[in-house]
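Protein chains: 4
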Amino acid sequence: MALTIGVDVGGTKVAAGVVDDRGNILEKVRRPTPSTNPKETADTIAEVVDLLKGKFEDVTAVGLGCAGFVDETRSVVMFAPNLAWRDEPIKAIVENLVGLPVVVENDANATAWGEARYGAGRGHDFMVLVALGTGIGGGLVIDGELYRGRFGVGAEYGHVRVVPDGRRCGCGNRGCWEQYASGNALVYEARELARVSPALAGRLLELGGGRPEGINGPQVTEAAREGDAAALECFRTIAHWTGQGLADLTAVLDPGCFVIGGGLSDAGDLLLEPVRQAFANALTGRGHRPLPEIRIAELGSAAGIVGAADLARS
Amino acid sequence: MALTIGVDVGGTKVAAGVVDDRGNILEKVRRPTPSTNPKETADTIAEVVDLLKGKFEDVTAVGLGCAGFVDETRSVVMFAPNLAWRDEPIKAIVENLVGLPVVVENDANATAWGEARYGAGRGHDFMVLVALGTGIGGGLVIDGELYRGRFGVGAEYGHVRVVPDGRRCGCGNRGCWEQYASGNALVYEARELARVSPALAGRLLELGGGRPEGINGPQVTEAAREGDAAALECFRTIAHWTGQGLADLTAVLDPGCFVIGGGLSDAGDLLLEPVRQAFANALTGRGHRPLPEIRIAELGSAAGIVGAADLARS
Amino acid sequence: MALTIGVDVGGTKVAAGVVDDRGNILEKVRRPTPSTNPKETADTIAEVVDLLKGKFEDVTAVGLGCAGFVDETRSVVMFAPNLAWRDEPIKAIVENLVGLPVVVENDANATAWGEARYGAGRGHDFMVLVALGTGIGGGLVIDGELYRGRFGVGAEYGHVRVVPDGRRCGCGNRGCWEQYASGNALVYEARELARVSPALAGRLLELGGGRPEGINGPQVTEAAREGDAAALECFRTIAHWTGQGLADLTAVLDPGCFVIGGGLSDAGDLLLEPVRQAFANALTGRGHRPLPEIRIAELGSAAGIVGAADLARS
Amino acid sequence: MALTIGVDVGGTKVAAGVVDDRGNILEKVRRPTPSTNPKETADTIAEVVDLLKGKFEDVTAVGLGCAGFVDETRSVVMFAPNLAWRDEPIKAIVENLVGLPVVVENDANATAWGEARYGAGRGHDFMVLVALGTGIGGGLVIDGELYRGRFGVGAEYGHVRVVPDGRRCGCGNRGCWEQYASGNALVYEARELARVSPALAGRLLELGGGRPEGINGPQVTEAAREGDAAALECFRTIAHWTGQGLADLTAVLDPGCFVIGGGLSDAGDLLLEPVRQAFANALTGRGHRPLPEIRIAELGSAAGIVGAADLARS
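For the protein sequence lines, the chains are A, B, C and D, in the order given. Going by full-length UniProt numbering, the first sequence wraps up at 314, each residue one higher than the last. Going by full-length UniProt numbering, the second sequence wraps up at 314, each residue one higher than the last. Going by full-length UniProt numbering, the third sequence wraps up at 314, each residue one higher than the last. Going by full-length UniProt numbering, the fourth sequence wraps up at 314, each residue one higher than the last.
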């Protein structure tokens, strides 16, 4: 049985797994990312690969999912702010260190591929992944193939501008979608609400230890599950922006299925129902076109490993 | 030599041509669209096809580019407000009338294909067409193939929302891109300027016969060519929104080339230079990624005929 | 009985009347404004004054309500775009021509004073007039006195910015309130609706002779009275912006009464009810403060004459 | 010599002083506000008044400047969220406790009066105070008199809406001016910048102890004084919104002078110059009207005490 290793290389951790040809992870390992030093990050990748390779003889290839712009040859990470990589020939470096063929992919693309093959996107040839976490990770499957764009940097949905002169974004622009529809945006809403309306946001403040900046995403979800009005209002706001953005992507891409992943997707129906509603209200041509499905991701944080490993196989 | 016929079926006219395998139009014919009656429109299509077929023996197939939503089997026009078609099985109807195989495509898609094969998009495998006319017509070529989406209705870029609670759009929503970046948007700007600042817009009013609503697009272009400050301001405004929208599409699609067509593209560099500038300012990740080209379309209104004919060939 | 003459000097007509000390107009006269020539406009004012003065012996003074910026000494019109006046010493000129003391006032201020003394503002010492016509005319009565500001140009509410980067205004800025809440704004909404959704706006188009630009304000009011959904939607939109603006003025001025005048006020409750609703929703501190009344003006176009005449008396 | 006592009753402290008829504070005292209990706050006021009165025989009256809505009789605080007062007859209560006549005024009104009489507004009969602190405190002097509005709650400039659907405000609305132009807004900008662009905001983060939420207003001013680009950008943003708002107030009020106070005014020319520039760009009718002066407040936090004491004298 051919096995491959998938590695999810993020700004805070390197997570790797051995994956079989049905998308099962046989063994997993995880290290913190030594992010300030590009070379050390490559060494860490090699270390986890070696460790896994030592336990399974049949490993034939390695897939890396990296948080950054990956060039169209899937060899070079052009820009990865959280990994301190600029034009890093990471494929060659890691192949040299581990002695196996390596494929490099953007981490959200790897996640999209994992969900498309083995998760919520199964059976859909036209799938859009939207991972709502710190920002928005995006991936796109067209005709059953991962879409990479001309230069390898497509599907960066989070930086579509949705509000002229809107909120600042880390990318240097203003009004990017991920400032309105992401896990961070949910926390932003909750903290802003707690700051200006502490009475209304009493439960959120309580969970946050009394300070607006103490509130985190899982707490907002928890409060919303309890029926807290303030938390539910935060969810409605995020869902409104999410649904509008999915409608915009539908105008461009006309997919058969959206898969919503990322930490925010843990909220499940709390998020999904108002997103569907907002989407239906915002879609152009509604009533005259078939609608895509909107689903919650199924593989959680494993999707990136599974997807990277599967890309290495083909 | 295999010839095919391309027919551009718009709300006001049916234009058809015999096209060879190098994209040349050998003969053309044109009729007004009898738009209030779906059946008559089909008859008109059959009439122009018969007329052309009578002159060229080698015609093997017919491609229709229709202003509307075309289903994923390329057989049925699901919704065409300007043609009074709803779920019209136009492929079967026309095949029955003319005795040749028929392919149906959205008109902007046909235009995109024409430009991709024989016009400004030649040599680009990842091309986005943006036709700035009454609204925005969109087309997309991926890996050298026309992209149709899961249900046949992708690349409707004009209905991406760019301003929350913005200008009304004919689609029923508000803030759609085509309300800010199209030939109509240019006229809107010019008329609004003439309405509120008649002194500044003196030349535009003069060309428009003294009334704001008399101003049309070619007049704005004419005044801008003369260096009229008001007309140039209108162009800058449209170019700003166009460039921003192309940046948004780049975040999603990462194409190698944009082709700008439609009536507004007749303005050439008057439009192109400020669009490029606005695009460069708005693109996320600028400085860390290769840039797509932005070009003016080359085939003009013939692109739809050439594209539809070529799609019928393959 | 002391009589005075009030003259309403607008961009299209000069309307004058003899007014008694209870605000009754005893006789009226009207001439078109020869607006392109400042001197002729003064002559026209003198002509109507002479004509009225010839019929009533007891006329003791003249009040002019002029569409423009009037200086703090009430002598000079600093800027009146529609009358072609710049720093015109109109008090001295007219006194010289007619041999009576003259007081000059901004036309909306004169209207406010008329309504405050003899119209809908009677009994209110803190009154705001908002005249919704071509633009927004504003007036303010504080402690029973007409408020003029430090330099004579206060109460220009129409040019408060309500939308960043919003609609162009004739003043050169963008997003001014009068572009969203005025008679012209109503027509703008109706024409825009007719342009993009002709089916929905069928009745409006019918009244407008089939063309969006044929639609005028009284037609929108007529259609709204008939219950036409499109016209009612236009009214709701205007009322929303009007109510929000009144809430903003309340934050600044805390008046006891708003009087809504101008051509749009002819719509009566069609306008008043949704304005009150929007105001109540938008007011800061609602529930913790007394609310001002919101009334429709009572004197119609006569308010300017009555107000100017009354100002001349005191 | 007649002396009066002014008391500034804020959410965190009660500050009082004995003031002579030239606006000099002869002695000062200060206590924390026992804000959770309305009665205790009145007792604290009485305590500081008794203490000061014991030292100066000639004290004839007491003026209270309270953070809240004060009714038009200057007797009752209708609503003071930070003092836990609702319809509190504070004049009667304090008169009873201290045996002197008491005048109650809104705190920003008292500050405005202090600046108008003895500070930066001297010599101006039409003055607007804008105190940029936690929010925006507003005051208005018309014809040399403090303006109170019909119900005592005018000059709440901070809650004019400047952005439709903008930032949340503690008042329950969205888009209020004080969310964009205040000391808090400066901190908000700086923290947001540090959050999304830590590299650019390095100096601000350093001052803030490494965390965005550690950054405070004086630190932003300090960094701006050093020439830090990020801090200067934050000031420009705040100044832009401040200048726009002053232009809006000028359209309504046409004052002779603006006085900018509050904690943010400590920044002096760093704030003043870009505010003047933004104001000049935004004013309607610029070029055709006299301009108001824009000055920085002179009395600092003493203005409220001085103003309240002076109001008690008259």
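For each residue, glycine too, the CB sits at the ideal point set by N, CA and C. As the structure is a prediction and not an experimental result, all values here were calculated from the model.
G217 (chain A) is a Cβ neighbour of V187 (chain A), given a cutoff of 8 Å. The secondary-structure analysis by DSSP pairs N106 (chain D) across a beta bridge with D:C66. Ranking B:D254, B:I136 and B:V275 by CA distance to the CA of R236 (chain B) puts B:V275 first. Taking the Cα positions, A302 (chain D) is about 15 Å away from G121 (chain D). G268 (chain C) and I238 (chain C) have their C-alpha atoms roughly 13 Å apart. In the three-state reduction of the DSSP assignment, G209 (chain B) falls in the coil class, being assigned neither a helical nor a strand state. The Cβ atoms of V14 (chain C) and V7 (chain C) lie closer than 8 Å to each other.
Residue B:V102 holds the alpha-carbon nearest to the alpha-carbon of A92 (chain B) among B:D254, B:V102 and B:R86. If you keep only unbroken beta strand (DSSP E) runs of at least 3 residues inside the segment 129-163 of chain D, you get 136-142.
T4 (chain C) is bridged by DSSP to C:V19 and C:A61.
Residues of the same chain with a CB within less than 6 Å of the CB of V49 (chain A), apart from the 5 flanking positions on each side, are I5, V62 and V98 in chain order.
Proximity of V196 (chain A) to chain D, defined by a Cβ-Cβ separation below 8 Å, is satisfied.
In the three-state reduction of the DSSP assignment, F258 (chain C) falls in the strand class, which pools E and B. For the pair of segments examined, the segment 69-87 of chain B was found to touch the segment 27-40 of chain B: the number of CB pairs separated by less than 8 Å reaches three. The Cβ of A155 (chain D) sits closer than 8 Å to at least one Cβ of chain C. By the Cβ rule, the segment 247-254 of chain A does not count as touching the segment 208-226 of chain A, because fewer than three pairs are nearer than 8 Å. Judged by DSSP in its simplified three-state form, C171 (chain B) adopts coil rather than helix or strand. At a Cβ-Cβ threshold of 8 Å, L264 (chain C) and L271 (chain C) count as neighbours. Look at K91 (chain D) here: in three-state DSSP terms it is helix. Look at the segment 189-221 of chain A: the residues with a C-beta under 7 Å from a C-beta of chain D are E192, L193, V196, S197 and E213. By the CB criterion at 8 Å, A46 (chain D) and V9 (chain D) fall outside the cutoff.
In the DSSP assignment, L193 (chain C) falls within the unbroken alpha helix (DSSP H) covering G183 to V196.
For A223 (chain A), the three-state secondary structure derived from DSSP is helix. The closest CA to that of R74 (chain D), considering only D:G243, D:R148, D:F56 and D:Q244, is found on D:R148.
Apart from sequence neighbours up to five positions away, the residues of its chain that approach T12 (chain D) with a beta-carbon distance below 6 Å are T33, ordered along the chain. Within chain B, the C-beta atoms nearer than 8 Å to that of R289 (chain A) come from F69, M78, F79, F151 and V153, in chain order. By the Cβ neighbour-count rule, T44 (chain C) is buried, with 16 or more other Cβ atoms within 10 Å of its own. A185 (chain D) sits away from G243 (chain D), with the two beta carbons spaced by 8 Å or more. By the C-beta density criterion, K53 (chain C) is buried, having at least 16 other C-beta atoms within 10 angstroms. In the DSSP annotation of this structure, the continuous segment of the beta strand (DSSP E) that includes E293 (chain A) starts and ends at E293 to I296. If you draw a 10 Å sphere on the C-beta of T60 (chain D), you find fewer than 16 other C-beta atoms in it, and that means exposed. Inclusion of V306 (chain C) and I25 (chain C) in the CB contact set at 8 Å is warranted, their separation being smaller than that value. From the beta-carbon of F258 (chain C), no residue of chain D is found nearer than 8 Å; the closest lies around 11 Å away. Against C171 (chain C), the close residues of chain D are T284 and G285, in the order they occur along the chain (beta-carbon pairs closer than 8 Å).
Here DSSP, grouped into helix, strand and coil, assigns V14 (chain C) to strand. In this structure, E115 (chain A) places its C-beta atom within 8 Å of the C-beta atom of L129 (chain A).
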